[in-house]
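Following: one structure in structure tokens, then a few remarks.
Numbering (this note's numbering), first residue to last: 42 to 498.
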């Protein structure tokens with residue numbers, strides 16, 4: 042058993058020694074995530090923290106520990122000190138000049154910084170190789186060679202990033218870590234289909250992809266084309282659940298449409314509706330938001346309300362992990378859980394503990410993220426329509442995944458509450474409504490919601 046990211050990464054590795062053999066077969070569950078997982082794993086990912094950690098494994102100037110305490114001596118240790126100084130200089134420069142106060146910035150031209158890491162990392166790699174050559178075969182020699190390859194990989198990664206080394210990739214820098222002090226260098230393939238076709242779907246290995254959200258409008262072709270599995274046979278299995286009897290859908294028709302200039306007004310309306318709907322559903326409610334900023338604003342407004350009502354209130358990003366939050370929700374029975382991106386998929390809370398899923402906003406990816414931006418440019422350059430071919434399909438899959446949190450077995454029942462009026466006001470909105478497991482939905486406004494909004498007893 043291996044997660045799909047690990048399987049794809051190993052399969053695409055140039056020095057992979059065989060996890061998948063020709064006569065084996067692989068089953069990819071939750072296969073709707075294959076494009077995103079491949080995008081994340083087929084690119085470059087290194088950070089200031091990662092480089093420092095690799096260097097301090099060789100020698101930590103503060104603790105005086107590391108591999109070079111046993112091998113290499115003072116001269117090798119000084120090479121690490123020099124590399125650490127260059128690492129700080131390089132990443133501090135990027136943080137100050139490229140990122141500034143921004144969390145993520147796309148790299149469009151080579152030469153954004155001087156290659157100050159190239160020399161120190163190269164010197165370390167050569168020293169590790171020389172030290173290994175002095176030893177007989179064995180564990181210590183293997184460790185020196187392994188660390189040499191690690192340093193060489195970091196050197197190659199920084200060089201590739203600085204030079205925009207792969208024309209089929211998009212490159213960017215981003216802040217990460219709890220305090221946003223880590224600077225990460227990232228890249229991703231603009232189109233993952235060629236790599237997946239070469240290393241997975243085009244091999245003799247048999248591949249089965251399963252998911253509740255593979256088909257779009259009854260067709261598997263759009264997703265198959267994106268992952269390099271064109272022409273693969275597909276089978277659709279009808280759900281065993283009675284959605285018509287066990288699911289009710291309500292759409293708020295009077296929540297203002299989201300606009301950048303009126304960002305506060307929709308949040309006020311969302312807060313009002315979330316408070317109303319969660320108060321009238323006795324079981325648990327999962328509130329799905331699309332940004333951490335919106336989550337914090339709405340949660341801050343409603344937390345006192347839930348506390349006064351003695352209602353358990355769980356919040357993503359506080360102290361508990363996603364797994365722990367889901368476990369708490371299952372055990373509490375009537376909690377309100379606020380979550381963002383990761384809670385749209387993979388959360389399993391059966392029974393009364395999850396009686397309502399509230400979709401606050403349609404889950405469109407931010408159009409300004411470097412990967413989304415580059416993919417849209419690629420589609421547009423090919424004469425296609427980025428919204429119809431990428432933005433909308435991705436949002437529909439995520440929407441269906443979010444809705445799918447509600448009914449987890451034959452006896453589950455509950456409510457889907459949609460607070461994004463674009464499903465009614467925009468042409469593409471009907472595609473979201475059509476993707477629901479049940480075709481029926483009821484519209485409500487603040488004036489009539491007391492009578493329209495009817496939860497299960």
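Idealized CB from N, CA, C, for every residue including glycine.
- Exclusion of the five residues before and after residue 158 leaves 127, 131, 199 as the residues of its chain whose Cβ lies within less than 6 Å of its Cβ.
- Counting C-beta atoms within 10 angstroms of its own C-beta, residue 372 has fewer than 16 neighbours from the protein chains shown and is therefore classed as exposed.
- Cβ-Cβ distances below 6 Å link residue 356 to 340, 379 in the same chain, with the five nearest sequence neighbours on each side left out; the list follows chain order.
- Counting along the chain, the unbroken alpha helix (DSSP H) around residue 417 starts and ends at 411 to 422.
- Burial state of residue 227 is buried, judged by a 10 Å Cβ sphere holding 16 or more other Cβ atoms.
- A distance below 8 Å between beta-carbons, with the five flanking residues on each side excluded, links residue 150 to the following residues of its chain, in chain order: 205.
- Beta-bridge pairing by DSSP links residue 458 to 291, 399.
- Linking residue 248 to residue 70 through their CA atoms gives a straight-line distance of about 11 Å.
- Closest in alpha carbon position to residue 466, among 203, 187, 403, 125, is 403.
- Straight-line measurement puts the Cα of residue 124 at about 56 Å from the Cα of residue 324.
- Taking each of 201, 167, 202 in turn and checking the Cα distance to residue 187, the smallest one comes out for 167.
- In this structure, 374 is the residue among 412, 382, 369, 374 with its C-alpha nearest to the C-alpha of residue 394.
- Across the set 250, 397, 169, the C-alpha of 397 shows the shortest separation from the C-alpha of residue 496.
- Distances from the alpha-carbon of residue 251 to those of 487, 72, 346, 490 put 72 closest.
- For residue 215, the enclosing beta strand (DSSP E) has its first and last residue at 210 to 217.
- The Cβ atoms of residue 296 and residue 474 lie no closer than 8 Å to each other.
- Per DSSP, reduced to three states, the secondary structure at residue 447 is coil, with no helix or strand assignment.
- Note on geometry: alpha-carbon atoms of residue 481 and residue 455 lie some 14 Å from one another.
- By the C-beta density criterion, residue 215 is buried, having at least 16 other C-beta atoms within 10 angstroms.
- Sixteen is the threshold: since fewer than 16 other Cβ atoms of the shown chains lie within 10 Å of the Cβ of residue 266, the residue is exposed.
- Residue pairing for residue 250: DSSP places it in a beta bridge opposite 69.
- Ranked by how close their Cα comes to the Cα of residue 307, the residues 492, 463, 99 have 463 in first place.
- With contacts defined by Cβ atoms closer than 8 Å, residue 92 and residue 241 do not form a contacting pair.
- Residue 114 sits exposed, since fewer than 16 C-beta atoms from the chains shown fall within 10 Å of its C-beta.
- The beta carbon of residue 193 sits closer than 6 Å to the beta carbons of 166 from its chain, once the five residues preceding and following it are set aside; these are given in chain order.
- Bounds of any beta strand (DSSP E) do not take in residue 91; it lies within the alpha helix (DSSP H) bounded by 89 to 99.
- In summary, residue 68 is exposed, with fewer than 16 beta-carbon neighbours lying within 10 Å of its beta-carbon over all protein chains present.
- Residue 315 carries a helical assignment under DSSP once its states are collapsed to helix, strand and coil.
- Within the region 145 to 176, the complete alpha helix (DSSP H) segments at least 4 residues long are 159 to 174, listed from N- to C-terminus.
- For residue 182, the CB contacts under 6 Å within the same chain, skipping 5 residues up- and downstream, are 173, 176 in chain order.
- Residue 232 sits close to residue 209, with the two beta carbons spaced by under 8 Å.
- Residue environment: residue 178 is assigned as exposed (fewer than 16 neighbouring CB atoms within 10 Å of its CB, all protein chains considered).
- In its chain, beyond the 5 residues on either side, 354 have a beta carbon closer than 7 Å to the beta carbon of residue 344.
- Of all C-beta pairs linking the region 409 to 421 to the region 139 to 148, three or more are shorter than 8 Å, placing the two stretches in contact.
- In the same chain as residue 310, and ignoring 5 residues on each side of it, the C-beta atoms closer than 7 Å to its own belong to 296, 297, in chain order.
- For residue 483, the three-state secondary structure derived from DSSP is strand.
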